[in-house]
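Novice: Mind looking over this structure? Questions follow.
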Amino acid sequence: MGESRSIRSRGDPAMTVQCITTLYSCRGLLCRIDSFHPNKEDAMRSITRPLVFVSLVVSFCLMWMAHTDRDVVVAQTRKPIVMTRIYTGPDGLSHAEEVEMKLTGNATEMIKATGVEFSRRAPGGSNEWHTGPRRQFVITLSGQGEIEVAGGKKVAVGPGHINLIEDTTGKGHITRNLGSEDRIAITIPLADQTVEPARR
0 MGESRSIRSR GDPAMTVQCI TTLYSCRGLL CRIDSFHPNK EDAMRSITRP
50 LVFVSLVVSF CLMWMAHTDR DVVVAQTRKP IVMTRIYTGP DGLSHAEEVE
100 MKLTGNATEM IKATGVEFSR RAPGGSNEWH TGPRRQFVIT LSGQGEIEVA
150 GGKKVAVGPG HINLIEDTTG KGHITRNLGS EDRIAITIPL ADQTVEPARR
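Below you can see the structure in the form of structure tokens.
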């Protein structure tokens with residue numbers, strides 16, 4: 000929702016009209032002061048404060064426009080939340096695909112889970128061809144790893160990487176823990192165990 004507010008604020012008509020109105024009001028004030036003082040030196044001294052005020056208004060308008068334009072750029076360049084789905088294809092082999100999460104505002108809908116498990120996996124370890132025990136999220140918190148699926152395709156896994164494991168049948172996949180540090184992960188079994196078809 001913050002994004003939509005930023006986009007709407009760009010070129011805000013109300014703000015623009017307010018700035019223009021203020022500037023014209025100051026212009027009229029300067030004219031009245033100039034005609035009221037026959038002595039030009041007194042008039043110039045009287046004009047000083049309004050001029051300072053006009054300068055502040057102009058500066059504020061410029062800063063406002065720069066700020067809203069920057070908000071729009073940030074809103075338009077924010078990266079989507081993407082997860083890697085590991086699923087079983089019609090060939091009985093595991094495959095991987097990137098899936099963008101659907102957001103309402105800045106969050107997904109609430110996803111029901113049956114539990115949460117934190118695990119520590121030693122570097123250099125691997126789990127040869129195996130299927131997922133259930134439909135679940137596996138999110139890497141630290142460390143490095145990879146998942147190998149059909150055709151020798153390897154999916155790099157690092158901090159913040161989200162895997163949706165759905166290959167509960169078939170040949171399965173290989174999981175390897177890489178690097179010199181433990182791989183810390185969180186596993187979240189899902190309440191809904193319905194496996195969707197491949198998004199191709």
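In numbering that gives the first Met the number 0, the protein residues as written are 0 to 199.
For each residue, glycine too, the CB sits at the ideal point set by N, CA and C.
1) Please state the DSSP three-state secondary structure of Met-62.
2) Rounded to whole angstroms, what is the Cα-Cα separation between Thr-103 and Met-109?
3) Would you check if the distance between the CB atom of Asn-176 and the CB atom of Ser-141 is smaller than 8 Å?
4) Of all the options Glu-116, Gly-159, Gln-143 and Thr-113, which has the alpha carbon lying nearest to the alpha carbon of Ser-179?
5) Name the one or two DSSP bridge partners that Thr-76 has.
6) Do the CB positions of Thr-167 and Arg-133 come within less than 8 Å of each other?
7) Would you report the Cα separation of Glu-96 and Val-56, rounded to the nearest angstrom?
8) Express the C-alpha separation of Met-62 and Gly-151 in angstroms, rounding to a whole number.
9) Where does His-160 land, buried or exposed, given buried means 16+ other C-beta within 10 angstroms?
10) For Val-98, which option in Arg-182, Leu-163 and Leu-189 has the closest C-alpha, if you only look at C-alpha atoms?
11) Taking C-alpha atoms, which residue in Gly-91, Lys-111 and Ile-173 lies nearest to Gln-135?
12) Would you check if the distance between the CB atom of Val-115 and the CB atom of Ile-183 is smaller than 8 Å?
13) Per DSSP, which residues does Val-156 bridge with? Please list them.
14) Would you call the CB atoms of Val-156 and Ile-85 closer than 8 Å?
15) Distance, Cα to Cα, Pro-188 vs Thr-113?
16) Quick one: residues in its chain with C-beta nearer than 6 Å to the C-beta of Met-82, no 5 flanking neighbours on either side, listed in chain order?
17) Here's the rule: buried if 16 or more other CB atoms are within 10 angstroms of the residue's CB, otherwise exposed. What is Glu-165?
18) What would DSSP say about Leu-163, mapped onto helix, strand or coil?
19) Please state if the CB of Ile-80 and the CB of Glu-127 are separated by a distance shorter than 8 Å.
20) Count the other CB atoms within 10 Å of the CB of Gly-123; is the residue buried (16 or more) or exposed (fewer)?
21) Helix, strand or coil for Val-81, going by three-state DSSP, please let me know.
Specialist: Put simply:
1) Looking at Met-62 - three-state DSSP - the assignment turns out to be helix.
2) Each residue's CA atom was taken as its position, placing Thr-103 and Met-109 some 11 Å apart.
3) no
4) The shortest C-alpha separation from Ser-179 is found at Gln-143.
5) According to DSSP, Thr-76 bridges with nothing at all.
6) Yes, Cβ-Cβ distance for Thr-167 and Arg-133 is below 8 Å.
7) 53 Å
8) 54 Å
9) Under the 10 Å beta carbon count, His-160 is surrounded by 16 or more other beta carbons and is classified as buried.
10) Leu-163
11) Checked all of Gly-91, Lys-111 and Ile-173; the closest Cα to Gln-135 is Lys-111.
12) no
13) Gly-144
14) Result no, Cβ atoms of Val-156 and Ile-85 do not sit closer than 8 Å.
15) Their backbone Cα atoms lie some 6 Å apart in a straight line.
16) Val-98, Ile-161 and Leu-163
17) buried
18) Under the three-state reduction of DSSP, Leu-163 is assigned to strand.
19) no
20) exposed
21) Under the three-state reduction of DSSP, Val-81 is assigned to strand.
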